[in-house]
Amino acid sequence: MMKAKMSMVMIFSLVLLLAFNLTAFAAEPETETVNPPDVIDHLVKAEPGVDVSEANQHKITGDLNSIESSQRIESHPARTLAKTNAVSATTATYATYSGVLAREGESAYLYPIYVQAGEILQAQLDLPRSEQLDYDLYLYELDMSTNTPVALIDYSIYGTYFNNYSYGRSTISENVGVNNSSSSEKAYLLEVHAKKGGSINDPFYLTVAISRAYDSFETDENAFHAYGITVSTGGSYLSSRSLNSIIDNDWYVLTVPSSRNYDAMNIALDSASAAKGYKAEVYAVQSDNRLQLITPTNNNVPLGTGSYYLRVYTTGTYSETTNYTLALTPVLRAEKIQITGFSSDGGPNDYPSYYYGKKYRITGRTFVVNGKVTTADNVPVANTSVIVLWENPYWSESSGNRTRIGYANTNSAGDFSVTLSLPPSTGSISNYLPGPISFTHYYDICGVIAAVADNVDVNAQQEVYHFAYSIYGG
Numbered sequence: 106m107m108k109a110k111m112s113m114v115m116i117f118s119l120v121l122l123l124a125f126n127l128t129a130f131a132a133e134p135e136t137e138t139v140n141p142p143d144v145i146d147h148l149v150k151a152e153p154g155v156d157v158s159e160a161n162q163h164k165i166t167g168d169l170n171s172i173e174s175s176q177r178i179e180s181h182p183a184r185t186l187a188k189t190n191a192v193s194a195t196t197a198t199y200a201t202y203s204g205v206l207a208r209e210g211e212s213a214y215l216y217p218i219y220v221q222a223g224e225i226l227q228a229q230l231d232l233p234r235s236e237q238l239d240y241d242l243y244l245y246e247l248d249m250s251t252n253t254p255v256a257l258i259d260y261s262i263y264g265t266y267f268n269n270y271s272y273g274r275s276t277i278s279e280n281v282g283v284n285n286s287s288s289s290e291k292a293y294l295l296e297v298h299a300k301k302g303g304s305i306n307d308p309f310y311l312t313v314a315i316s317r318a319y320d321s322f323e324t325d326e327n328a329f330h331a332y333g334i335t336v337s338t339g340g341s342y343l344s345s346r347s348l349n350s351i352i353d354n355d356w357y358v359l360t361v362p363s364s365r366n367y368d369a370m371n372i373a374l375d376s377a378s379a380a381k382g383y384k385a386e387v388y389a390v391q392s393d394n395r396l397q398l399i400t401p402t403n404n405n406v407p408l409g410t411g412s413y414y415l416r417v418y419t420t421g422t423y424s425e426t427t428n429y430t431l432a433l434t435p436v437l438r439a440e441k442i443q444i445t446g447f448s449s450d451g452g453p454n455d456y457p458s459y460y461y462g463k464k465y466r467i468t469g470r471t472f473v474v475n476g477k478v479t480t481a482d483n484v485p486v487a488n489t490s491v492i493v494l495w496e497n498p499y500w501s502e503s504s505g506n507r508t509r510i511g512y513a514n515t516n517s518a519g520d521f522s523v524t525l526s527l528p529p530s531t532g533s534i535s536n537y538l539p540g541p542i543s544f545t546h547y548y549d550i551c552g553v554i555a556a557v558a559d560n561v562d563v564n565a566q567q568e569v570y571h572f573a574y575s576i577y578g579g
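Per the working numbering, the sequence shown starts with residue 106, numbered consecutively.
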């Protein structure tokens with residue numbers, strides 16, 4: 106909604122612009138194509154845009170059988186959940202554990218976790234709320250006969266960076282996952298590793314979920330396994346994904362080119378998913394794999410050139426059988442504005458050639474200004490606020506009739522229309538029109554300016570005649 110009143114500063118700047126920079130032109134509007142939103146129906150894992158060398162070099166040292174009991178996280182509840190619900194479960198089964206890491210470099214282990222054929226395992230590590238601690242999460246496949254880790258399956262190695270969430274300040278959770286696409290049961294091991302610092306007073310919490318119902322793109326539990334998505338100028342949307350557990354994280358990476366015609370992206374989930382507690386968040390990557398949450402305004406996320414990571418997760422409930430719709434729409438820059446036509450009681454084609462040239466002539470008291478807002482490369486800009494100001498310098502400022510202001514928002518094609526209710530013309534200029542029947546027309550020369558509300562430097566100006574009356578000259 107536009108504000109009912111424009112600030113005095115803006116009025117002053119627009120009036121000055123009209124007073125000192127009026128030009129007479131009748132530019133023909135360029136033809137643009139309105140691009141409909143594209144469907145994102147093909148997802149490909151992107152190369153990690155963060156440093157993963159540390160994870161690839163990480164290894165479990167020592168024999169698991171010799172691990173001290175203080176380092177072993179009891180695993181039987183998770184194992185029981187997996188086996189009991191393997192056949193009939195369509196919703197995820199959970200177990201949550203807690204532990205402490207006393208010193209930097211220590212690890213705690215949860216194993217064995219049994220996952221049946223066709224099931225997925227997801228795990229989430231919620232770290233202590235201390236900026237001095239940095240823990241990582243690793244997932245290994247386990248040889249069930251020898252109780253030995255045989256392969257590093259997944260890892261989450263974010264650096265600690267405290268963001269402002271609805272539940273308070275915290276660093277993002279560490280999440281890993283695996284899809285057991287084999288034909289037989291497998292066992293896994295989770296390792297919580299203290300990369301920086303340690304504390305006997307600050308516990309971590311490790312939640313494990315095992316699911317049988319999930320979408321075909323699982324698992325992508327952290328930014329290191331994000332799917333690359335490209336957003337078209339007219340916007341793009343994805344509706345092929347679901348959340349299958351309370352700790353399911355779906356990750357996407359957006360690459361913003363330097364040649365973009367936008368500086369923000371509107372990112373929104375469908376209303377049904379939002380009602381469940383689903384969230385869509387965008388992160389910028391800082392040094393040491395720290396993820397900084399970008400704060401949106403009305404779902405508009407400011408973006409510069411570079412890569413950004415988008416996370417979809419839930420803070421409430423979920424539905425593994427109902428897909429969410431994720432819509433991404435560039436907030437295009439309003440870089441050009443055109444006045445495409447006028448209308449009044451004389452219609453849209455009233456352009457007489459008086460002494461001062463060919464200009465549109467307003468007749469009556471109702472004046473319509475039509476226009477279009479586009480980017481520099483002529484892409485229509487929707488939902489942009491526009492201000493239209495009309496000024497008749499022949500009225501004194503104290504009369505209250507010198508200016509009229511109107512507002513509009515552009516439609517999906519970038520078009521706007523503003524209707525102004527004008528005072529009468531003063532008839533200060535006369536123009537004798539000779540002929541078999543001669544007349545003298547009386548009118549004023551008025552200025553019209555249309556400007557983008559957020560940036561009045563983007564404006565278009567024209568002069569128009571305001572007809573008062575005519576006198577028969579014999």
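The beta carbon of each residue, even a glycine, is placed where N, CA and C say it ideally should be.
Going by C-alpha distance, which of the options is nearest residue i?
i: residue 433; options: 394, 499, 361; result: 361
i: residue 202; options: 215, 485, 471; result: 215
i: residue 206; options: 228, 304, 169, 160; result: 304
i: residue 73; options: 421, 547, 409; result: Only positions 106 to 579 of the chain appear in the structure, and residue 73 is not among them; the question remains open.
i: residue 213; options: 219, 169, 251; result: 169
i: residue 477; options: 557, 409, 451, 418; result: 557
i: residue 158; options: 470, 407, 260, 538; result: 260
i: residue 383; options: 256, 397, 427, 508; result: 427
i: residue 258; options: 237, 308, 164, 233; result: 164
i: residue 369; options: 436, 386, 461, 448; result: 436
i: residue 282; options: 231, 323, 288, 247; result: 323
i: residue 471; options: 554, 507, 451, 430; result: 451
Tell me which residue opens and which closes the alpha helix (DSSP H) that residue i is part of.
i: residue 326; result: From DSSP, residue 326 is part of no alpha helix (DSSP H); its letter is neither H nor E.
i: residue 440; result: It is not in any alpha helix (DSSP H) - residue 440 carries neither H nor E in the DSSP assignment.
Please list the terminal residues of the continuous beta strand (DSSP E) segment that includes residue i.
i: residue 536; result: 534-538
i: residue 391; result: 383-391
i: residue 160; result: No beta strand (DSSP E) holds residue 160; the alpha helix (DSSP H) holding it covers 158-162.
i: residue 217; result: 212-220
i: residue 227; result: 225-231
i: residue 66; result: No information on residue 66 is available, as it lies outside the stretch 106 to 579 that the chain covers here.
i: residue 201; result: 198-206
i: residue 413; result: 411-419
i: residue 560; result: 560-577
i: residue 398; result: 395-398
i: residue 407; result: 405-407
Quick one: Cα of residue i to Cα of residue j, how far?
i: residue 404; j: residue 463; result: 46 Å
i: residue 577; j: residue 492; result: 39 Å
i: residue 354; j: residue 291; result: 22 Å
i: residue 541; j: residue 551; result: 30 Å
i: residue 516; j: residue 329; result: 39 Å
i: residue 265; j: residue 482; result: 41 Å
i: residue 566; j: residue 486; result: 19 Å
i: residue 367; j: residue 341; result: 14 Å
i: residue 349; j: residue 318; result: 7 Å
i: residue 327; j: residue 569; result: 60 Å
i: residue 520; j: residue 441; result: 12 Å
i: residue 527; j: residue 544; result: 25 Å
i: residue 467; j: residue 514; result: 23 Å
i: residue 346; j: residue 321; result: 8 Å
i: residue 534; j: residue 497; result: 12 Å
i: residue 310; j: residue 407; result: 33 Å
i: residue 267; j: residue 176; result: 27 Å
i: residue 277; j: residue 228; result: 14 Å
Under a CB-based cut-off of 9 Å, is residue i close to chain D?
i: residue 570; result: The structure shown has no chain D; it contains just one protein chain.
Which parts of the region 323-371 are runs of the beta strand (DSSP E), unbroken and 3 residues or longer, counting only runs that do not cross its ends?
Entirely contained in the region 323-371, the beta strand (DSSP E) runs reaching 3 residues are, in chain order, 332-334, 341-346, 355-361.
**Request:** Report the residue ranges of all beta strand (DSSP E) runs contained in full by the region 244-305; include only those spanning at least 3 residues, in chain order.
**Result:** Annotation: the region 244-305 contains the following complete segments of the beta strand (DSSP E) (minimum length 3 residues), in chain order: 253-261, 268-270, 273-275, 279-284, 291-301.
task = With a floor of 3 residues, list each beta strand (DSSP E) that falls wholly inside the region 459-536, ordered by position along the chain.
result = Every beta strand (DSSP E) stretch that sits fully inside the region 459-536 and reaches 3 residues is listed by chain position as 465-467, 471-479, 490-496, 508-514, 520-526.
Contact between the region 292-303 and the region 227-244 (3+ Cβ pairs under 8 Å): In short, these stretches touch, since the Cβ pair count reaches three.
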